[in-house]
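Numbering (the UniProt record's numbering), first residue to last: 1 to 804.
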């Protein structure tokens with residue numbers, strides 16, 4: 001067959017979406033729909049997410065959808081089996097719209113079918129009452145026959161006819177006949193069903209609050225109940241089967257089965273005021289159906305391909321069935337258009353191999369993502385239905401209420417990020433903070449490579465931590481005096497173990513500041529100011545929105561650890577935790593402005609001033625020792641001052657009466673914190689680089705100081721005995737090791753953060769390489785602390801600048 005023509009079996013969302021796409025490029029097709037009308041009132045709802053809405057926007061359908069007066073979701077609740085609230089998210093639609101350019105829209109599936117059909121230009125190509133009964137492969141094409149005896153000839157067949165796909169069954173029969181073994185022999189009988197689902201549409205439900213979405217947990221059950229337009233309520237009640245069913249053993253339910261199901265679950269709470277039975281009583285339509293979950297291994301054979309539920313069928317709790325089908329349509333069209341370009345701008349006379357190339361490319365580009373969506377939906381259902389009670393209890397009762405809405409929104413966003421579009425169609429501009437993956441500066445790195453590098457990095461930082469266990473050899477039993485011969489004359493805690501421990505910490509610091517060797521004192525003068533960056537950045541990351549609910553949100557652990565364990569141990573440990581837990585979403589970068597404003601005064605009063613006083617030797621020994629003792633508390637003191645000052649700034653901001661829409665929940669999308677944070681980083685760069693350059697210049701000019709010895713004169717950490725004669729020298733070596741291992745943690749963490757930006761596609765490879773070289777050069781030119789602060793300043797700009 002010379003001319004290119006596609007036969008589409010199925011006039012559902014996938015089939016009509018594909019028809020609209022083909023018309024945009026003047027590709028001939030015929031659509032065969034088995035029902036007597038294109039949008040039958042089957043009583044189902046549809047949830048459209050940003051990934052699907054972006055495709056519909058390309059097709060000119062988005063405005064028509066938004067004109068339906070759809071109920072915007074104002075509040076999303078997670079509830080326990082009694083209907084009590086576990087956590088909530090306000091303004092869900094607006095959050096998604098700000099983040100991705102599109103919100104979450106729930107409405108009748110019938111309405112979407114009507115819009116898609118209205119958008120079709122050549123309606124004479126959409127034929128009703130045409131159920132496919134046979135497919136024959138012919139030279140250069142296919143013949144399709146329907147149950148009414150009609151025959152159609154085309155280049156290829158697309159099966160978009162649902163989970164009980166006639167096309168898939170016919171395709172498999174041809175495959176088994178022509179190429180035995182092409183399709184796995186047991187695959188059809190291995191399709192699993194773990195849950196059944198009652199779904200439908202109700203209206204005017206007593207006690208229901210418009211604009212709500214409720215996800216209700218349960219033991220072996222869960223519910224998704226959502227507000228719709230015209231006071232509608234869309235419900236899904238998922239019920240776990242006593243044992244999983246497979247293939248032909250998966251039951252089909254009758255109305256009698258549905259009545260018995262409703263009777264058993266009539267009093268099941270949705271909220272404290274509404275039960276499942278009350279919703280069901282107000283039904284406009286309802287269905288009880290088994291839920292297949294499958295991504296078939298082979299989507300095509302010769303000139304036949306399937307997609308949508310006929311190829312990849314997720315549990316509907318994730319809402320991605322229709323959205324994923326539209327993505328498959330887009331990838332299929334992209335493959336066709338690429339083949340057209342490589343075929344001299346024509347689709348005529350495509351060989352069998354050309355057609356298989358198109359189909360293979362479609363499946364390859366969609367397969368992993370389809371599997372991911374099916375897996376995530378399955379895992380979500382398992383979590384909500386307490387398949388593993390311990391895991392669900394920890395996640396839903398102990399973690400979810402505390403991680404904040406950014407975590408939930410970020411998890412949702414990961415599903416949208418890698419979505420497909422029609423590459424040759426313009427995407428209308430919709431302002432959004434989070435670009436889709438195909439809008440990023442670079443293609444994100446695949447998970448396998450990312451995982452390999454992450455674990456390699458963790459191993460290298462773990463090695464640094466291990467070295468500290470061998471190298472940190474403080475002579476604690478011999479400590480307690482002021483330098484070699486003086487006494488500590490202050491007492492904050494009386495004659496207590498706490499005071500004795502404090503005296504030892506004071507004693508540790510007294511040795512290098514009193515040491516007669518200028519290189520020892522110089523090293524300390526250089527080393528301590530380099531702690532400004534970890535103090536600031538641990539604090540900033542602790543308040544960063546995307547880190548809430550993780551260990552990174554507890555900066556006091558790390559700042560206290562700097563004193564108790566040494567920065568040389570904490571820096572690589574923190575780098576490890578950052579690689580595991582740091583946020584990936586662009587809005588998750590946000591730091592409350594009141595926190596950003598408090599950082600410079602907090603670090604100046606809490607750390608810089610006490611550090612200056614440590615080196616400000618005075619004849620008033622008691623006062624000097626008080627400053628050295630106070631310095632031991634400066635890292636956590638910075639956190640305390642940040643909390644106090646930011647609370648004051650927040651109270652002042654609240655007194656100004658900021659409107660709710662423009663309030664705290666939506667500040668994350670405006671990047672108002674970036675200019676303030678850049679001032680903080682500039683301060684850190686200025687102070688630390690000045691100290692670094694000054695100390696290096698002094699060491700270079702001093703005849704008795706060797707930079708190599710002063711900073712890197714270290715014994716073998718794995719040697720059992722170092723045979724160091726004096727306490728002063730032992731402590732000097734400790735500080736050198738503390739500095740060197742901290743440097744390894746700083747540089748390692750800096751380089752990994754650059755890799756992380758490249759991994760996510762936020763920067764190009766060339767930019768990442770330049771940034772890595774800048775980090776290495778910065779260690780020599782301005783010092784590790786200033787380099788870290790400069791990198792973080794650039795990082796804030798880079799991430800915030802991705803918003804479209």
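For each residue, glycine too, the CB sits at the ideal point set by N, CA and C.
Residue 742 and residue 588 have their C-alpha atoms some 27 Å from each other. With contacts defined as CB atoms closer than 8 Å, residue 464 and residue 572 qualify as a contacting pair. Here residue 156 is not near residue 338, since their CB atoms are 8 Å or more apart. Per DSSP, reduced to three states, the secondary structure at residue 315 is coil, with no helix or strand assignment.
For residue 778, the closest alpha carbon among the candidates 750, 198 and 390 is that of 750. In the three-state scheme derived from DSSP, where H, G and I count as helix and E and B as strand, residue 635 is classed as helix. Sixteen is the threshold: when 16 or more other Cβ atoms of the shown chains lie within 10 Å of the Cβ of residue 79, as they do, the residue is buried.
Rounded to whole angstroms, the separation of the alpha carbons of residue 651 and residue 316 is 44 Å. Cβ-Cβ separation between residue 362 and residue 327: approximately 10 Å, too far for a contact (criterion under 8 Å). In the three-state reduction of the DSSP assignment, residue 351 falls in the coil class, being assigned neither a helical nor a strand state. Residue pairing of residue 225 in beta bridges, as defined by DSSP: 214 and 235.
Listed in chain order, the non-local C-beta contacts of residue 370 below 7 Å within the same chain comprise 295, 312 and 324, local neighbours out to five positions each way being set aside.
Per DSSP, reduced to three states, the secondary structure at residue 197 is strand.
DSSP places residue 329 in the helix class (H, G or I) of the three-state scheme.
Its chain contains 513 and 624 as the residues whose beta carbon lies nearer than 8 Å to that of residue 617, once the 5 sequence neighbours on both sides are disregarded; these appear in chain order.
With 16 or more neighbouring CB atoms inside 10 Å of its own CB, residue 436 falls in the buried class. In this structure, the beta-carbon distance from residue 667 to residue 553 does not fall below 8 Å. Of the candidates 224, 764, 132 and 49, 49 places its Cα closest to the Cα of residue 100. Assigned with DSSP and collapsed to three states, residue 28 falls in strand. Assigned with DSSP and collapsed to three states, residue 625 falls in helix.
Relative to the Cα of residue 27, the nearest Cα in the group 389, 776, 345 and 530 belongs to 345. If you ignore the 5 residues before and after residue 730, its C-beta comes within less than 6 Å of the C-beta of 475 and 724, all in its own chain and listed in chain order. Of 236, 211, 213 and 212, the smallest CA-CA separation from residue 223 is found for 236. Closest option to residue 30, judged by alpha-carbon separation, among 128, 112, 653 and 41: 128.
Between the alpha carbons of residue 76 and residue 214 lies a distance of about 6 Å. Boundaries of the alpha helix (DSSP H) harbouring residue 263: 255 to 265, taken from the DSSP string.
When rounded, the separation of the alpha-carbon atoms in residue 634 and residue 642 is 12 Å.
Here the C-alpha atom of residue 255 lies approximately 32 Å from the C-alpha atom of residue 69. Taking C-beta atoms under 8 Å as the contact rule, residue 511 and residue 701 fail to qualify, at a distance of about 25 Å. Taking the Cα positions, residue 605 is about 8 Å away from residue 638. The continuous beta strand (DSSP E) containing residue 79 extends over residues 75 to 79. Residue 107 is bridged by DSSP to 46. Under the three-pair Cβ rule at 8 Å, the stretch 514 to 527 does not count as touching the stretch 540 to 554. Residue environment analysis places residue 252 among the exposed positions, since fewer than 16 neighbouring C-beta atoms fall within 10 angstroms of its C-beta. By the CB criterion at 8 Å, residue 57 and residue 389 fall outside the cutoff.
The beta carbons of residue 504 and residue 479 sit about 4 Å from each other, so the pair counts as a contact at 8 Å.
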